[in-house]
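Data block below; observations after.
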Amino acid sequence: MNIAQALALRGETDSYERQENIWLLEHFLGLSALELKYRASQELTTAEEQAYTQALARIAAGEPLAYITGSQPFWTLDLKVTPDTLVPRPDTEVLVETVLSLSLQSNAMVVDLGTGTGAIALALASERPNWQITATDIYPPTLAVAKENAIKHGLNEVQFACGAWFDALGLEAEPRLDLIVSNPPYIDAHDEHMPALAAEPERALVAADQGLADIVQIISQGKYWLKQQGWMALEHGYDQALAVQEIFAEHGFSEIRTVKDYAGNDRVTLARLM
Ligand SMILES: C[S@@+](CC[C@H](N)C(=O)[O-])C[C@H]1O[C@@H](n2cnc3c(N)ncnc32)[C@H](O)[C@@H]1O
Numbered sequence: 002m003n004i005a006q007a008l009a010l011r012g013e014t015d016s017y018e019r020q021e022n023i024w025l026l027e028h029f030l031g032l033s034a035l036e037l038k039y040r041a042s043q044e045l046t047t048a049e050e051q052a053y054t055q056a057l058a059r060i061a062a063g064e065p066l067a068y069i070t071g072s073q074p075f076w077t078l079d080l081k082v083t084p085d086t087l088v089p090r091p092d093t094e095v096l097v098e099t100v101l102s103l104s105l106q107s108n109a110m111v112v113d114l115g116t117g118t119g120a121i122a123l124a125l126a127s128e129r130p131n132w133q134i135t136a137t138d139i140y141p142p143t144l145a146v147a148k149e150n151a152i153k154h155g156l157n158e159v160q161f162a163c164g165a166w167f168d169a170l171g172l173e174a175e176p177r178l179d180l181i182v183s184n185p186p187y188i189d190a191h192d193e194h195m196p197a198l199a200a201e202p203e204r205a206l207v208a209a210d211q212g213l214a215d216i217v218q219i220i221s222q223g224k225y226w227l228k229q230q231g232w233m234a235l236e237h238g239y240d241q242a243l244a245v246q247e248i249f250a251e252h253g254f255s256e257i258r259t260v261k262d263y264a265g266n267d268r269v270t271l272a273r274l275m
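Residues 2 to 275 in the numbering used here are what the sequence shown lists, from first letter to last.
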């Protein structure tokens, strides 16, 4: 099989599937997309062909491409991804953009709760090197991947802590933070989208009470950690904006607003503790 034939194995011309074929061949052959184009008649070795067709079978079985290539671009970073981590989504870049637009002091104290690959914390650290950022996760193997990503990108000032939400910080709750940011689990266990997400860790996706249990916990505890005028920004489901706004209001936050993702869905709600 040559490169052109391999590319044509799946999907229509210019489809997302064809783009995935290109990414896989780039990964297995160590060639750029342009090189694949100009070397269309180059034969794959037996090992390359086997690796490629096995990867196509894994994708057909529902595995994300990032678990096969082992990395995923996020913001300006190329992040290591494993089956212990959620694959960072482009929509989460909206959360990063939103908090970068806030006027915080140059050495702001920031926590990213449930950091996964470190996506949010590391993107923020790359843009705001003087922010004092701590990234937490409940699952040690996940946090190990985030630490590797910090080293890979030379973002060595980011601190890491393992544990359930604010417990990870190992401190008494005090108003010490300027910003709390999180993309917590927010999908209901019976949501129709869950079967398509079966390859990713359930602990990263599912929350009780229609997906709102972790959001309630973060907001209700977070108010004791934020300085006056501190901000909290949370990613949530497309249909959870009103519920999240109400939870913020019940806990005394103001300046509550929701930001849409690139597809026009409500995705991030932020609020300020006054
Ligand atoms: C939706 S994923 C987000 C990962 C990453 N922040 C991102 O945006 O790609 C949620 C993360 O929260 C972590 N998590 C789940 N429950 C947690 C808890 N009780 N305390 C801390 N982290 C938790 C999961 O391990 C997972 O990495």
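Glycine residues also receive a C-beta, built at the ideal position from the N, C-alpha and C atoms.
- Please report the residue range of the beta strand (DSSP E) in which K81 lies. That run of the beta strand (DSSP E) goes L78 to K81.
- C-alpha distance - V111 paired with L87, whole-angstrom precision: Rounded to the nearest whole angstrom, the C-alpha separation of V111 and L87 is 21 Å.
- Message: Taking the beta carbon of G212 as the centre, do at least 16 other beta carbons fall within 10 Å, making it buried, or is it exposed?
- Response: By the neighbour-count definition (other C-beta atoms within 10 Å, threshold 16), G212 is a buried residue.
- Query: Around the C-beta of D240, are 16 or more other C-beta atoms found within 10 angstroms, so that it is buried, or is it exposed?
  - Reply: So D240 ends up on the exposed side.
- Message: Is Y68 near ligand 1 - that is, is its Cβ less than 7 Å away from at least one heavy atom of it?
- Response: No, ligand 1 has no heavy atom inside 7 Å of this Cβ.
- Member of D192, I219 and S221 whose CA lies at the smallest distance from the CA of V207: With distances taken between Cα atoms, V207 lies closest to D192.
- Could you give the C-beta distance for L114 and I181, rounded to a whole number, given that I count them as a contact under 8 Å? Indeed they touch by this definition, with Cβ atoms about 7 Å apart.
- How is the beta strand (DSSP E) around K228 delimited, first residue to last? For K228, the enclosing beta strand (DSSP E) covers residues L227 to E236.
- Message: Contact between the segment 97-107 and the segment 156-172 is defined here as three or more beta-carbon pairs at a separation below 8 Å; is this criterion met?
- Response: Short answer: they don't touch.
- Given F161 as reference, the closest of Q246, P186, G231 and A126 once Cα atoms are compared: Selected option, being the one with the closest Cα: A126.
- Query: For ligand 1, is there a heavy atom less than 7 Å away from the beta-carbon of G117?
  - Reply: Yes.
- Message: Threshold first: 4 residues or longer. Then list the alpha helix (DSSP H) segments lying entirely within the segment 199-227, N to C.
- Response: Taking 4 residues as the minimum length, the alpha helix (DSSP H) runs contained wholly in the segment 199-227 are 203-206, 209-212 and 214-223, in order along the chain.
- Between the segment 196-206 and the segment 60-72, are three or more C-beta pairs nearer than 8 Å? The segment 196-206 makes contact with the segment 60-72: 3 or more CB pairs, one atom from each, lie closer than 8 Å.
- Task: Identify the continuous beta strand (DSSP E) that holds S72 and give its terminal residues.
- Result: Its beta strand (DSSP E) spans residues S72 to F75.
- Any non-hydrogen atom of ligand 1 within 7 Å of R11 CB: No, the Cβ of R11 stays beyond 7 Å of every heavy atom of ligand 1.
- Item | Beta-carbon proximity of E44 to N3, cut-off 8 Å | A distance below 8 Å separates the beta carbons of E44 and N3.
- Item | R177, DSSP secondary structure in three states | In the structure shown, R177 sits in coil (DSSP, three-state: anything other than H, G, I, E or B).
- Message: When you compare the segment 224-234 with the segment 245-257, are there three or more beta-carbon pairs, one atom per stretch, that lie closer than 8 Å?
- Response: Below 8 Å, enough C-beta pairs join the segment 224-234 and the segment 245-257 to call them touching: three or more.
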